[in-house]
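Student:
Chains as they are written, first to last, in the numbering used here: chain L, 25 to 242; chain V, 25 to 242.
1) What did DSSP end up calling residue 77 of chain L once you bin it into helix, strand or coil?
2) Establish whether the CB of residue 152 of chain L and some CB of chain V are separated by less than 9 angstroms.
3) Over the uninterrupted alpha helix (DSSP H) stretch that includes residue 152 of chain V, give me the two end residues.
4) Compute the beta-carbon to beta-carbon distance between residue 116 of chain L and residue 128 of chain L, rounded to the nearest angstrom, for a pair I have assumed lies under 8 angstroms.
5) Helix, strand or coil: which one does DSSP assign to residue 135 of chain V?
6) My parser needs the alpha helix (DSSP H) runs of 4 or more residues fully inside the stretch 44 to 122 of chain V; what are they?
7) I want to see whether chain V comes within less than 9 angstroms of residue 156 of chain L, judged by CB atoms only; does it?
8) Spell out the partners DSSP gives residue 178 of chain L in its beta bridges.
9) Could you tell me which residues DSSP puts in a beta bridge with residue 148 of chain L?
10) Does residue 120 of chain V get closer than 9 angstroms to chain L when you measure Cβ to Cβ?
11) Could you list the residues in the stretch 186 to 213 of chain V with a C-beta less than 9 angstroms from some C-beta on chain L, going in chain order?
12) If residue 95 of chain L and residue 79 of chain L are in contact, beta carbons under 8 angstroms, what's the gap, nearest whole angstrom?
13) On the premise that residue 201 of chain V lies in contact with residue 174 of chain V, defined as a C-beta separation below 8 angstroms, what is that separation, rounded to the nearest angstrom?
14) Should residue 41 of chain L go down as buried or exposed, given a rule of 16 or more other Cβ atoms within 10 Å for buried?
15) Residue 241 of chain V: buried (16+ other C-beta within 10 angstroms of its C-beta) or exposed?
16) So residue 148 of chain L and residue 130 of chain L are in contact, right, with Cβ under 8 angstroms, and what is the actual spacing, rounded?
17) Would residue 177 of chain V pass as an interface residue toward chain L - the criterion being a Cβ-Cβ separation below 9 angstroms?
18) For chain L, find out if any of its Cβ atoms is closer than 9 angstroms to the Cβ of residue 265 of chain V; answer yes or no.
19) Take every Cβ of the stretch 70 to 85 of chain V, pair it with every Cβ of the stretch 46 to 60 of chain V, and state whether three or more of those distances are shorter than 8 angstroms.
20) Just the Cα atoms here: how many angstroms apart are residue 124 of chain V and residue 118 of chain V?
21) Expressed to the nearest angstrom, what Euclidean distance is found between the alpha-carbon atoms of residue 180 of chain L and residue 207 of chain V?
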């Protein structure tokens with residue numbers, strides 16, 4: 025078997041994986057579906073007795089290649105999809121991210137996050153759009169885990185506010201970007217594991233300063 | 025002669041070009057040096073009887089290749105340099121734009137604009153940094169002239185306010201980005217030539233909406 029076949033076999037094993045939801049998690053209000061087989065993600069959703077207030081889904085190009093139909097099913101169930109710019113283009117077959125966003129949101133989610141790495145992230149929400157910059161860094165030590173840290177920061181902020189409005193999602197994207205900016209400073213979880221709230225607030229303030237301007241329009 | 029030799033010959037002719045400054049321009053407060061041979065740019069500066077309040081310079085990779093020493097001279101005379109990300113990397117030999125900015129500002133200008141096309145623009149000013157997003161567009165019809173339109177919008181806004189503070193430069197970058205976003209919608213000057221102030225203000229409002237968020241820090 026070649027590598028691709030091996031991957032697909034592993035995928036099938038993964039797709040048959042039936043995750044057990046601990047009883048304590050049954051009433052979760054906020055669900056973050058990490059980047060696993062779309063069928064595993066939908067199994068999780070279907071295993072919950074009550075629909076969470078907000079379901080956010082991460083995915084990647086690999087699933088678009090090998091599990092497109094499953095992906096479409098899961099996508100139709102969630103509220104927010106978080107992917108990068110290349111994946112948005114692949115999924116929509118559109119180069120323009122604005123056009124891509126329209127097509128992807130027609131597949132189900134009412135909000136779409138498109139991550140552009142060092143170029144920031146876009147949040148599309150119904151017919152509105154918000155842009156969060158990435159912090160210009162002297163050095164990126166290791167980008168591994170930045171996407172997951174971003175996702176965790178996003179849903180963590182929303183859960184802490186218990187609000188799913190566009191305004192709260194905007195702030196959540198800024199916190200998500202701040203958390204990701206810590207992640208890349210060291211290997212693995214080295215930088216994030218001992219972070220204090222004060223450090224996080226200071227970092228968020230840097231984002232505020234980075235984009236804050238004051239134009240008085242007539 | 026090959027193309028490169030032809031270009032260098034034309035450059036030498038250009039570099040000997042001695043632009044005549046009309047008397048009415050002698051007291052200009054704001055000088056925008058378009059992307060010409062660095063020697064022509066410094067000749068213009070030296071032909072002015074009085075130093076303008078602000079001198080902004082555009083340049084490109086070509087001059088870095090063929091007229092590096094002249095470029096260093098002109099760069100040491102101006103207040104603001106406007107280049108794109110690739111050019112900043114070439115000029116500084118640094119990949120990180122933060123490191124690049126420090127090196128370039130040590131060459132003379134106290135402010136540096138790094139344009140990143142569809143990914144927005146960074147304004148470095150002394151030890152501070154500001155980020156202006158690009159508007160996410162459905163379509164870019166023709167990017168020709170976007171850089172010049174950006175430059176014109178930048179210095180035009182500053183001249184209209186007659187202020188060269190960091191805060192005014194921040195707003196100027198937003199107006200510059202707004203002007204450039206019109207430029208790419210049609211060929212040449214078709215879109216910009218009949219623009220109304222109202223259309224410009226509406227476009228600037230889109231930039232405000234794009235990055236506006238409200239985080240209450242403790």
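Ideal placement from N, C-alpha and C gives every residue a C-beta, glycine not left out. These numbers were taken from a predicted model, which means no experiment stands behind them.
Tutor: Checking against the coordinates, here is how it stands:
1) As a first step, residue 77 of chain L is located in the first chain; it is residue number 53 there, counting from the start. In the three-state scheme derived from DSSP, where H, G and I count as helix and E and B as strand, residue 77 of chain L is classed as coil.
2) Stepping through the first chain from its first residue, residue 152 of chain L is reached at position 128. Closer than 9 angstroms to some Cβ of chain V, the Cβ of residue 152 of chain L qualifies, so yes.
3) In the second chain, residue 152 of chain V corresponds to position 128, counting from 1. For residue 152 of chain V, no alpha helix (DSSP H) run applies; the uninterrupted beta strand (DSSP E) run containing it begins and ends at 152 to 156, by DSSP.
4) Here residue 116 of chain L refers to the residue found at position 92 of the first chain. Here residue 128 of chain L refers to the residue found at position 104 of the first chain. A Cβ-Cβ distance of about 5 angstroms is found for the pair residue 116 of chain L and residue 128 of chain L, placing them in contact under the 8 angstroms criterion.
5) Mapped onto the second chain, residue 135 of chain V falls at position 111. Residue 135 of chain V: strand per DSSP, three-state reduction.
6) Runs found: 62 to 71, 85 to 90, 92 to 99, 109 to 116.
7) The sequence position of residue 156 of chain L within the first chain is 132, counting from 1. At least one beta carbon of chain V lies nearer than 9 angstroms to the beta carbon of residue 156 of chain L.
8) Numbered from 1 along the first chain, position 154 holds the residue referred to as residue 178 of chain L. DSSP lists no partner for residue 178 of chain L.
9) Against the first chain, residue 148 of chain L aligns to sequence position 124. Per DSSP, the beta-bridge partners of residue 148 of chain L are L:136, L:153.
10) Numbered from its first residue, the second chain carries residue 120 of chain V at position 96. By this cut-off, residue 120 of chain V is an interface position.
11) Here the close residues are 191, 194, 195, 197, 198, 199.
12) Here residue 95 of chain L is taken as the residue at index 71 of the first chain, counted from 1. Here residue 79 of chain L is taken as the residue at index 55 of the first chain, counted from 1. Contact doesn't hold; Cβ gap of about 15 angstroms is too wide.
13) Here residue 174 of chain V refers to the residue found at position 150 of the second chain. Here residue 201 of chain V refers to the residue found at position 177 of the second chain. The Cβ separation is near 7 angstroms, so the contact holds.
14) Here residue 41 of chain L refers to the residue found at position 17 of the first chain. Counting other Cβ atoms within 10 Å of its Cβ, residue 41 of chain L stays below 16 and is therefore classed as exposed.
15) By 1-based counting over the second chain, the position of residue 241 of chain V is 217. Its Cβ having fewer than 16 others within 10 Å, residue 241 of chain V is exposed.
16) Here residue 148 of chain L refers to the residue found at position 124 of the first chain. Here residue 130 of chain L refers to the residue found at position 106 of the first chain. At roughly 12 angstroms, the Cβ-Cβ gap does not stay under 8 angstroms, so residue 148 of chain L and residue 130 of chain L are not in contact.
17) Along the second chain, one-based indexing puts residue 177 of chain V at 153. Answer no: the Cβ-Cβ gap between residue 177 of chain V and chain L never drops below 9 angstroms.
18) Outside the modelled stretch of chain V, which goes from 25 to 242, sits residue 265 of chain V, for which no answer is possible.
19) In short, these stretches touch, since the Cβ pair count reaches three.
20) Position 100 of the second chain holds residue 124 of chain V. Position 94 of the second chain holds residue 118 of chain V. Roughly 5 angstroms between the two C-alpha positions.
21) One-based indexing of the first chain puts residue 180 of chain L at position 156. One-based indexing of the second chain puts residue 207 of chain V at position 183. Cα to Cα, the separation comes out at about 41 angstroms.
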